[in-house]
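2 protein chains.
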Amino acid sequence: MTTEAMPSSRERLLEAAATLTYRDGVNIGVDALCKAAGVSKRSMYKLFESKGELLAASLEERASAYVTALLPAADDNRPPRERILHVFEKAEAQAGAPDFQGCRYLVVQIELKDPEHPASRVARRVKENLAAFFRAEAEQGGASDPDLLARQLILVFDGASARAGIKADTQGGLVIPTVTTLLDAAGVAPGSIPG
Amino acid sequence: MTTEAMPSSRERLLEAAATLTYRDGVNIGVDALCKAAGVSKRSMYKLFESKGELLAASLEERASAYVTALLPAADDNRPPRERILHVFEKAEAQAGAPDFQGCRYLVVQIELKDPEHPASRVARRVKENLAAFFRAEAEQGGASDPDLLARQLILVFDGASARAGIKADTQGGLVIPTVTTLLDAAGVAPGSIPG
DNA sequence: CCGCCAGGAAACCGATCGGTTTTATGGCCG
DNA sequence: CGGCCATAAAACCGATCGGTTTCCTGGCGG
Numbered sequence: 001m002t003t004e005a006m007p008s009s010r011e012r013l014l015e016a017a018a019t020l021t022y023r024d025g026v027n028i029g030v031d032a033l034c035k036a037a038g039v040s041k042r043s044m045y046k047l048f049e050s051k052g053e054l055l056a057a058s059l060e061e062r063a064s065a066y067v068t069a070l071l072p073a074a075d076d077n078r079p080p081r082e083r084i085l086h087v088f089e090k091a092e093a094q095a096g097a098p099d100f101q102g103c104r105y106l107v108v109q110i111e112l113k114d115p116e117h118p119a120s121r122v123a124r125r126v127k128e129n130l131a132a133f134f135r136a137e138a139e140q141g142g143a144s145d146p147d148l149l150a151r152q153l154i155l156v157f158d159g160a161s162a163r164a165g166i167k168a169d170t171q172g173g174l175v176i177p178t179v180t181t182l183l184d185a186a187g188v189a190p191g192s193i194p195g
Numbered sequence: 001m002t003t004e005a006m007p008s009s010r011e012r013l014l015e016a017a018a019t020l021t022y023r024d025g026v027n028i029g030v031d032a033l034c035k036a037a038g039v040s041k042r043s044m045y046k047l048f049e050s051k052g053e054l055l056a057a058s059l060e061e062r063a064s065a066y067v068t069a070l071l072p073a074a075d076d077n078r079p080p081r082e083r084i085l086h087v088f089e090k091a092e093a094q095a096g097a098p099d100f101q102g103c104r105y106l107v108v109q110i111e112l113k114d115p116e117h118p119a120s121r122v123a124r125r126v127k128e129n130l131a132a133f134f135r136a137e138a139e140q141g142g143a144s145d146p147d148l149l150a151r152q153l154i155l156v157f158d159g160a161s162a163r164a165g166i167k168a169d170t171q172g173g174l175v176i177p178t179v180t181t182l183l184d185a186a187g188v189a190p191g192s193i194p195g
């Protein structure tokens with residue numbers, strides 16, 4: 001019956017690190033993390049080199065789930081314009097959650113000013129993956145300047161995330177029209193070059 | 001000779017708070033702030049209620065200088081489109097500074113997750129002033145939807161600030177074309193309704 | 001049944017946190 | 001010169017920081 005399928009100590013630590021550092025910032029204490037995970041500090045330091053590495057690992061673990069939650073299925077056969085808009089629709093839905101504080105990969109880089117912090121490296125890689133998706137879709141969609149469009153999309157993505165995270169402009173109806181305008185200007189039409 | 005015009009303890013504290021919390025984050029210690037300012041903690045706590053109030057005051061003091069540095073002169077007689085672009089040109093110039101970490105009013109709100117923190121309140125007001133400027137210029141420039149355009153401009157402003165702050169996309173040539181595209185789409189033409 | 005050992009609890013380390021209080025030193029005015 | 005007051009320096013407070021170590025208990029294999 002109570003085969004609870006208890007997550008391992010490692011998994012509980014990763015979960016606690018993701019949850020608490022997101023809610024309270026990266027300066028949350030190791031004691032609080034271990035207490036929330038139900039793991040002793042001794043065990044934590046046997047599983048992870050340091051608090052920084054634990055944070056990096058917790059971001060890393062969620063990285064693929066984060067991008068796949070945002071990205072459309074690779075074979076959904078919709079045109080690039082729709083696939084790009086899909087990302088922002090998903091992101092806007094996430095931002096509606098009451099405890100949303102902004103994209104954790106952006107926030108962690110802002111809080112840890114050090115770009116060489118292991119967690120900052122992970123965060124940067126995640127955003128590079130998203131940028132690569134935008135870049136590929138922009139090219140596929142026949143954008144006049146695919147690089148520029150991809151950079152614009154990331155700019156809007158992080159801007160919307162930051163604004164939503166600080167609870168500024170909760171009105172809605174902003175991001176999609178903005179992205180639409182940028183797609184229009186780049187010449188990525190609704191039906192261009194479908195899959 | 002050495003009429004050094006030494007700033008007051010209060011001014012030195014405000015300066016140290018602005019500099020160090022921007023460089024190291026809002027978790028910088030009170031001891032470090034006081035040491036940098038050459039002021040005893042006793043004096044600091046006589047001048048300010050708490051560390052949070054000191055931070056809020058340091059943001060407040062720079063607020064008007066911040067917006068006037070970004071905004072064009074009220075009577076420069078240029079059309080709204082030029083006046084809006086002026087803000088982003090100034091912001092991009094600031095972002096080029098080697099120690100730029102992103103707009104401090106955005107960063108402080110992200111680091112202090114509490115929107116009711118006195119410093120968060122100050123930061124929010126500053127951004128509301130900037131938004132009001134965009135809104136007025138959008139209307140003056142004949143934007144089809146001035147509210148939407150103003151919100152888009154703040155979105156891009158904060159996005160560019162955050163991206164620059166984490167040293168992502170240092171390539172340049174991104175923000176101005178993006179703003180131009182949004183102005184074009186909103187119907188704010190170069191010569192429309194000049195001053 | 002015994003011995004081993006993983007792991008939780010908690011003490012411990014020096015450092016720092018935000019904030020208060022004591023003490024000593026100076027300058028200024030009478 | 002004598003007393004006063006502002007302030008700098010620093011001790012002090014309990015709490016917490018990241019990280020290490022000690023101790024003890026419980027489960028498992030021989």
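Chains S and H supply the protein sequences, listed in that same order. Counting from 1, one number per residue, gives the positions in the first sequence under the UniProt record's numbering. Counting from 1, one number per residue, gives the positions in the second sequence under the UniProt record's numbering. We put the CB at the ideal spot given by N, CA and C, even for glycine. All figures in this text were calculated on a predicted structure; none of them were measured in a lab.
Among residues of its own chain, excluding the 5 on either side of residue i, which ones have a beta-carbon nearer than 8 Å to its beta-carbon?
i	result
residue 176(H)	85, 88, 89 and 92
residue 108(S)	21, 26, 55, 59, 119, 120 and 123
residue 41(S)	30, 31 and 34
residue 114(S)	120
residue 11(S)	none
residue 28(S)	20 and 21
residue 125(S)	63
Report the residue from the options whose alpha carbon sits nearest the alpha carbon of residue i.
i	options	result
residue 130(H)	62(H), 24(H) and 71(H)	71(H)
residue 39(S)	62(S), 147(S), 57(S) and 7(S)	7(S)
residue 66(S)	34(S), 94(S), 139(S) and 11(S)	94(S)
residue 98(S)	63(S), 167(S) and 153(S)	167(S)
residue 169(H)	18(S), 103(S), 31(S) and 148(S)	148(S)
residue 190(S)	153(S), 143(S) and 154(S)	143(S)
residue 127(S)	68(S), 30(S) and 183(S)	68(S)
residue 133(H)	116(H), 117(H), 114(H) and 153(H)	153(H)
Could you name the residues of the same chain whose beta carbon sits closer than 6 Å to that of residue i, not counting the 5 residues immediately before and after it, in chain order?
i	result
residue 3(S)	The pLDDT assigned to residue 3(S) is 43, lower than 50, so where the model puts this residue is not dependable; a value taken from the coordinates is nonetheless given after this. So the list is empty, once near-sequence residues are dropped.
residue 165(S)	101 and 102
residue 43(H)	9
residue 104(H)	22
residue 45(H)	none
residue 1(S)	With a pLDDT of 45 at residue 1(S), under the threshold of 50, the modelled position of that residue is not reliable, and the figure given next carries that caveat. None.
residue 83(S)	72 and 137
Going by the beta-carbon positions, is the gap between residue i and residue j smaller than 8 Å?
i	j	result
residue 36(S)	residue 57(S)	no
residue 162(H)	residue 106(H)	yes
residue 61(H)	residue 13(H)	no
residue 199(S)	residue 140(S)	With chain S covering only 1 through 195, there is no way to say anything about residue 199(S).
residue 136(S)	residue 188(S)	no
residue 181(S)	residue 174(H)	no
residue 186(S)	residue 185(H)	no
Ignore the nearest five residues each way along the sequence and tell me which others in residue i's own chain have a CB closer than 7 Å to its CB.
i	result
residue 111(S)	25 and 26
residue 18(H)	58 and 62
residue 117(S)	52
residue 145(S)	186
If residue i sits next to residue j, beta carbons under 8 Å apart, how far is it from one beta carbon to the other, in whole angstroms?
i	j	result
residue 159(H)	residue 179(S)	The Cβ separation is near 12 Å, so there is no contact.
residue 9(H)	residue 47(H)	7 Å
TODO: Scan the segment 40-128 of chain S and note each continuous alpha helix (DSSP H) run of 4 residues or more that stays entirely inside, going in chain order.
DONE: 41-47, 51-70, 80-95 and 104-111
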